[in-house]
């Protein structure tokens, strides 16, 4: 397995898409010396964006996190999240009525800015048949509700009404500390989908729609072609296969989900082959 | 679709396996006039057993329910539950150590009667590395624990230790009222299995092991062959396909999960064909 | 279930995406009186495109078919096929080496026009280790090879080399007469993927990438927004869910896969809800 | 990973179930020195049986193979195959009519001995509606038919008639040489099931029914309890999980599917833990 230097390979590109967790940060905070890499990108005029499966916070909240951690270059226009796609879906497909959701109040605020009326599943009254006002159900975050009560309520809602279900983050889990993970809303969505037998609408890597959304987003003020862009991620099944399929080059970093010892084995067994493998983006 | 009279067809058999929910009882209580059917079976010397995916209560607790509802013929020796198979597994494969579980305290009492030391996931200390004493994890019931906290804890336990996971009830959901269902422990098991990527050991219909266990159980004092036995159930995917595969005859009743209007359609699309279709066991 | 008139609803849009099979044609040939609908579109200045999961023929071959059948408006620039996406992938991700394929010689000709050297699996020599020259495997068509011999050969190729596999048509089956279907290359791809355990790259509806490709294609000379476009198809799981997710309006027609009697039932059980339901595009 | 000596551990048991491929034989022939192990078993009065997913040949044909290769102790009564379970199913559930099959003429002969009239899919006339005489479809072997023609015919048969489908070997692949595999009928069954959307009846490891059948078979003339029996196999997903669930002890051998280097990794990621790990049954 040949290991490339990130700084060496990145110079072949005009823009980079960075996955967030495992690439820019981990459960201990920011990846050490990451500021140097962003200096390096600036020096070489390489544009960058953060492409993240996250619907729990708005792009400006996500950007604030990086600002607070000293990465001042990561401004709100640099953030592309799966939550933005959920919002885009609602804009096009939901004209009136209410949007039911699972998630924190904060995660819903971002949707409310669109003049949609949101209601958490916990506040929904299944008995008095107000469910006909619901136009769509959006799964935003694994926090902010009682799992047992509200998942059962969600399942009964979906048996009574036939509304589309939007999953705004496809990840099954996320890390909460060095050696612990938690089930993400994408994992919970799988449980509900399996029980009710309906087909949900999922946004986030590896799905093509987020790559396409990102590509259009970065080309609002630029003129990049696919060969100009590199996707950098720590997960074969989301970042790398998604980037490969979209037609851009891909680099796997070993600073997150994919442990150096097992990278070669996983690449071989999954058939998901990155164009490059790097220790981290500081290498 | 030809509808048979249950009382007419049952006379061809020496013994009957009844599914519980949707056959003997529903969310309103016992199926009306069901006492007559049990009188009829007695008159015609037809033996019967209840074959149920239930690990939340012991066979004697399950029998008490029928006793309290006037079905005095349903004694503890007439009950065959998926919980009994989980117990059988533990007897053969777990000689010492502790058994971790998800479920109510009551559901664990049944296991404790075997001299195994049980510990609910909620009381397990992941940090102080007592997890090496755990020999098996048993999923018993959807009640008795905090879903969010304890499911996340379960997932982290399974990442640290490599113990077998036994699912003592394969059902995804169960009815809680006329028009509401709840996620059963079998549905929750699916979420955990999907997230950790391991293969669990599942007991309950349609799996052959419960049919075989039941067949051996009834032949402790009898000498039935497979052609003597009829499986009666309301669910194609558990009762009917399981009975068919085991080699016994099957009757679908329309008093539960399978709505009369859609029975023909579901039989056609699933390819699961019962030998008989009856309105209910009182028909 | 409310049935809309296609001609009435289509006037709200500036452009239409038509699925081919079940919408424009069926196993008996073109849908009767379909010429009138195309006249009607022209009169009302409504643009249209054919969006098809087909990699067995080039866009110009596909267009010729419609021309021969009297639909002279369907010219090559009106065709958007999943085969075009496979070609686009190869253009971006495969710079040299050989492309192995399953399919007819004809289906490969379309790829060859890109200066890639193609080789059918049947001509590949697994023994003499020429497999290292293969850069990608493309699944194009269910015809043109011996299934038993070449599928086994494909599986052994994928065990030896780690090349990406592109599936250029996601459909599992296609109709061959009024009452017969055949397994499509998408179905065969599922068998291979299941056996080798690798993740393939699939192009075609309902995947977002073909909708995005189509949207960019039609906007080379236009300036449509998503609200201007209607997707028309006969299949909930490809045309309708794909269109919904992409954010365009959708109309289900009952002239193909989805039988009028069962449309309401399937919409309810799948949770895939079209914006409109029409008898056919001639209604 | 602790490696046990097979000869040492086997002395704790009264009977052994051996998987065939990867345990007794491999693609080069019998495992070297295997005769000594059978001598050893005889000396120590340890009974043994061959438990194999194979429906392509009758038990007597399977026994002949071992006889010809010098293992004279493996007589027909020592063979337990998934084909025997398919035959048992037909005996109980199919009283008249015809049995359609995919497989060689030889594989069907074994079924014919039951007075059932068999017809290969290739000879079935879908057009003249003789399909109503078919009572069951049995998938026996991957050889003996034209895959493209007969699989498409099978799919159309299953769309027209609603007969149960029995899969008499659950294996997805089998080895044909040192470094080549072929798709087995269990893999083909997966393709058909996926395309027609029906639920098939599968016999063979890891399903409980073959273990139960074997246990009853060996107890016709013995009185073994589960603790007396050891399952020995080379595959975690069939031999080991199946034996574990059935409640008997299990030993993984490293002479077949599971490569020594990866055994520990696979045990950890699948959660399927054998009671013992041995180099081979000659160790």
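Residue numbers (my numbering), protein chains in the order written: chain A, 1 to 283; chain B, 1001 to 1283; chain C, 2001 to 2283; chain D, 3001 to 3283.
Ideal Cβ positions, reconstructed from N, Cα and C, are used throughout, including at glycine.
With a Cβ-Cβ cutoff of 8 Å, do residue i and residue j count as a contact?
i                       : j                       : result
residue 3049 of chain D : residue 3080 of chain D : yes
residue 3141 of chain D : residue 3104 of chain D : yes
residue 3277 of chain D : residue 3001 of chain D : yes
residue 3055 of chain D : residue 3107 of chain D : yes
residue 1022 of chain B : residue 1234 of chain B : yes
residue 1037 of chain B : residue 1248 of chain B : no
residue 1960 of chain C : residue 2155 of chain C : Look at the range of chain C in this structure, 2001 to 2283, and you will see that residue 1960 of chain C is not part of it.
residue 2230 of chain C : residue 2252 of chain C : no
residue 2203 of chain C : residue 2082 of chain C : yes
residue 3242 of chain D : residue 3205 of chain D : yes
residue 1208 of chain B : residue 3207 of chain D : yes
residue 3182 of chain D : residue 2152 of chain C : yes
residue 2008 of chain C : residue 2047 of chain C : no
residue 3122 of chain D : residue 3096 of chain D : no
residue 163 of chain A  : residue 139 of chain A  : no
residue 73 of chain A   : residue 42 of chain A   : yes
residue 3003 of chain D : residue 3279 of chain D : yes
residue 3051 of chain D : residue 3017 of chain D : yes
By the DSSP assignment, the beta strand (DSSP E) with residue i in it spans what residues?
i                       : result
residue 120 of chain A  : 117-120
residue 2098 of chain C : 2098-2102
residue 3137 of chain D : 3134-3139
residue 163 of chain A  : Element bounds for residue 163 of chain A: n/a, residue is neither H nor E.
Measure the alpha-carbon distance for residue i versus residue j and round it to whole angstroms.
i                       : j                       : result
residue 1218 of chain B : residue 1210 of chain B : 12 Å
residue 2027 of chain C : residue 2180 of chain C : 9 Å
residue 188 of chain A  : residue 1191 of chain B : 7 Å
residue 3274 of chain D : residue 3170 of chain D : 21 Å
residue 3240 of chain D : residue 1268 of chain B : 35 Å
residue 144 of chain A  : residue 102 of chain A  : 8 Å
residue 1160 of chain B : residue 3270 of chain D : 13 Å
residue 2260 of chain C : residue 1157 of chain B : 50 Å
residue 2035 of chain C : residue 2071 of chain C : 7 Å
residue 3075 of chain D : residue 3228 of chain D : 21 Å
residue 3117 of chain D : residue 3057 of chain D : 18 Å
residue 3232 of chain D : residue 1226 of chain B : 30 Å
residue 2186 of chain C : residue 113 of chain A  : 42 Å
residue 193 of chain A  : residue 33 of chain A   : 42 Å
residue 131 of chain A  : residue 115 of chain A  : 19 Å
residue 167 of chain A  : residue 2245 of chain C : 11 Å
residue 148 of chain A  : residue 2199 of chain C : 34 Å
residue 1064 of chain B : residue 1085 of chain B : 20 Å
residue 2250 of chain C : residue 2238 of chain C : 11 Å
Per DSSP, residue i is paired with what?
i                       : result
residue 1175 of chain B : B:1181
residue 1089 of chain B : None; residue 1089 of chain B has no bridge partner.
residue 2017 of chain C : C:2049 and C:2231
residue 2026 of chain C : C:2029
residue 202 of chain A  : A:167
Does residue i have its Cβ less than 8 Å from a Cβ in chain F?
i                     : result
residue 26 of chain A : Structure shown: chain F not included; protein chains present are A, B, C and D.
Go to residue i, then tell me how far its alpha helix (DSSP H) extends in each direction, as first and last residue.
i                       : result
residue 1109 of chain B : 1105-1112
residue 3010 of chain D : 3006-3010
residue 3038 of chain D : 3034-3043
Open item on the list: Restricting to runs no shorter than 3 residues, where is the beta strand (DSSP E) found entirely within the region 1215-1277 of chain B?
Closed with: Fully enclosed beta strand (DSSP E) runs of no fewer than 3 residues occupy 1229-1233 and 1249-1253 of the region 1215-1277 of chain B, in order along the chain.
Open item on the list: At 4 residues or longer, what runs of the alpha helix (DSSP H) sit wholly inside the region 62-86 of chain A?
Closed with: DSSP runs (the alpha helix (DSSP H)) wholly in the region 62-86 of chain A: none.
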